[in-house]
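*Asks:* My questions all concern the structure below.
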Amino acid sequence: MRLALFDVDGTLLSARGAGRRALGRALLDVYGTAGPIDTHDFHGGTDPQIIRDLLTGAGLEPDAIAGREARLFARYLECLAAEIGDGSRVTLYPGVAALVEALAARSECVVGLLTGNIEAGARLKLGPTGLLPRFRLGAYGSDDADRTRLPAVAARRAEALVGRAFRGRDLVVIGDTPRDVACARAFGAASLAVATGRHSVADLGACEADFVLPDLSETERVVAAILDGA
Numbered sequence: 378m379r380l381a382l383f384d385v386d387g388t389l390l391s392a393r394g395a396g397r398r399a400l401g402r403a404l405l406d407v408y409g410t411a412g413p414i415d416t417h418d419f420h421g422g423t424d425p426q427i428i429r430d431l432l433t434g435a436g437l438e439p440d441a442i443a444g445r446e447a448r449l450f451a452r453y454l455e456c457l458a459a460e461i462g463d464g465s466r467v468t469l470y471p472g473v474a475a476l477v478e479a480l481a482a483r484s485e486c487v488v489g490l491l492t493g494n495i496e497a498g499a500r501l502k503l504g505p506t507g508l509l510p511r512f513r514l515g516a517y518g519s520d521d522a523d524r525t526r527l528p529a530v531a532a533r534r535a536e537a538l539v540g541r542a543f544r545g546r547d548l549v550v551i552g553d554t555p556r557d558v559a560c561a562r563a564f565g566a567a568s569l570a571v572a573t574g575r576h577s578v579a580d581l582g583a584c585e586a587d588f589v590l591p592d593l594s595e596t597e598r599v600v601a602a603i604l605d606g607a
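For the sequence shown, the positions run 378 to 607 when our numbering is used.
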């Protein structure tokens, strides 16, 4: 049995910068600064780590950051909901809907999320797509700021769900950044890298992902890679 774990931004969908704009507004409201948000690389990071990096870059001390994080996340979710609005800004990448539906229909596959988004943020972004019910579990930035520890979180939740342990290459991490590949490697999981984000096929191939594809449009090929190729 496979545990297929999808990243959200850049892999499943584009929210056209909604997350960055929402976070910037929330940081200004709560901390009075958004730090170097316009130039910071969000790709493959977790929300808590991104926030700490931005605020550290703005000169804030760790204690000052930690004391207001709960208020920040509450404000961020308000701003993100406003940015998402009616969902018209959220677009799925080619082949995503067909792939998720195909995997969800297979008894030998548990479909989940592995994302740096906090859980509520991931749900807001995925809500307009109609795919959220297909993801039976998730591991999120709200579980751990260190992305490399999230596969273990997902494996534990999958075991609790189906009563079977998931180890090593039972997991397949599907993502669009070198950090997704590194996260998979840290757990001993297989990785499928897709060049729908900012990184090219060549970039992702250099990270030694197990599979590298330009997009997820060839459903049968991708299903075979996830279920049989790992």
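For every residue, glycine included, the Cβ atom is placed at its ideal position computed from N, Cα and C.
(1) Using the C-alpha atoms, what's the distance from G574 back to D358?
(2) Per DSSP, V487 forms a beta bridge with which residues?
(3) Would you report the Cα separation of D605 and V550, rounded to the nearest angstrom?
(4) By the 10 Å Cβ neighbour count, where 16 or more other Cβ atoms means buried, how is A583 classified, buried or exposed?
(5) Using the C-alpha atoms, what's the distance from L457 back to A399?
(6) Cα separation between L382 and V488?
(7) Can you find a CB in chain C that lies within less than 8 Å of the CB of V549?
(8) Leaving out the 5 sequence neighbours to the left and right, which residues in its chain are closer than 8 Å to L501 when beta-carbon positions are compared?
(9) To the nearest whole angstrom, what separates the beta carbons of L593 and V600, a pair I think is in contact under 8 Å?
(10) Please tell me whether R524 and G504 are closer than 8 Å, where the distance is taken between their beta carbons.
(11) Cutting at 8 Å between CB atoms, please list the residues of its own chain near D463, excluding the five before and the five after it.
(12) Give me the Cα-Cα distance between G515 and R452, rounded to the nearest whole angstrom.
(13) Going by beta carbon distance, what residues of the same chain come within less than 7 Å of R365, once the five residues before and after it are set aside?
(14) What do you get for P609, buried or exposed, if any count of 16 or more other CB atoms within 10 angstroms of its CB means buried?
(15) For the beta strand (DSSP E) that A516 lies in, which residues bound it at each end?
(16) Between which two residues does the alpha helix (DSSP H) containing G401 stretch?
(17) Alpha carbon to alpha carbon, how far is V589 from R429?
(18) Taking G530 as part of the alpha helix (DSSP H), name the residues at either end of that continuous run.
*Replies:* Short version:
(1) An answer regarding residue 358 cannot be provided, because it is not within the stretch 378 to 607 covered by the chain.
(2) Taking the first residue of the sequence shown as 1, we reach residue 487 at position 110. For V487, which the question treats as bridged, DSSP gives the partners L380.
(3) For the purposes of this step, residue 605 is taken as residue 228 along the sequence shown, with counting starting at 1. For the purposes of this step, residue 550 is taken as residue 173 along the sequence shown, with counting starting at 1. Each residue's Cα considered, the two are about 14 Å apart.
(4) Here the question's residue 583 lines up with position 206 in the sequence shown. When all chains shown are included, A583 counts as exposed.
(5) Numbered from 1 along the sequence shown, position 22 holds the residue referred to as residue 399. Numbered from 1 along the sequence shown, position 80 holds the residue referred to as residue 457. Their Cα atoms are separated by approximately 5 Å.
(6) For the purposes of this step, residue 382 is taken as residue 5 along the sequence shown, with counting starting at 1. For the purposes of this step, residue 488 is taken as residue 111 along the sequence shown, with counting starting at 1. Using only the alpha carbons, I get a separation of about 6 Å.
(7) Chain labels in this structure do not include chain C; a single protein chain is all it has.
(8) Position 124 of the sequence shown, counted from the start, is the residue given in the question as residue 501. Excluding residues within five positions, the ones whose Cβ falls inside 8 Å are L454, L457, A458, I461.
(9) Working through the sequence shown from its first residue, we reach residue 593 at position 216. Working through the sequence shown from its first residue, we reach residue 600 at position 223. Not a contact, Cβ separation roughly 10 Å.
(10) For the purposes of this step, residue 524 is taken as the residue at position 147 of the sequence shown. For the purposes of this step, residue 504 is taken as the residue at position 127 of the sequence shown. Going by C-beta atoms, R524 is not nearer than 8 Å to G504.
(11) Translated into positions along the sequence shown, residue 463 becomes position 86. Answer for D463: P505, listed in chain order.
(12) Sequence index remark: in the sequence shown, residue 515 carries index 138 (1-based). Sequence index remark: in the sequence shown, residue 452 carries index 75 (1-based). Computed Cα separation, rounded: 23 Å.
(13) The first residue shown for the chain is 378 and the last is 607, placing residue 365 beyond what the model contains.
(14) Look at the range of the chain in this structure, 378 to 607, and you will see that residue 609 is not part of it.
(15) Position 139 of the sequence shown holds residue 516. Unbroken beta strand (DSSP E) run through A516: 514-516.
(16) Here residue 401 refers to the residue found at position 24 when the sequence shown is read from its first residue. G401 -> alpha helix (DSSP H) spans 395-408.
(17) Counted from its first residue, the sequence shown places residue 589 at position 212. Counted from its first residue, the sequence shown places residue 429 at position 52. Those two C-alpha atoms are separated by around 31 Å.
(18) One-based indexing of the sequence shown puts residue 530 at position 153. Here residue 530 is Val; the residue named in the question, Gly, does not match the sequence. Run containing V530: 527-539, per the alpha helix (DSSP H) assignment.
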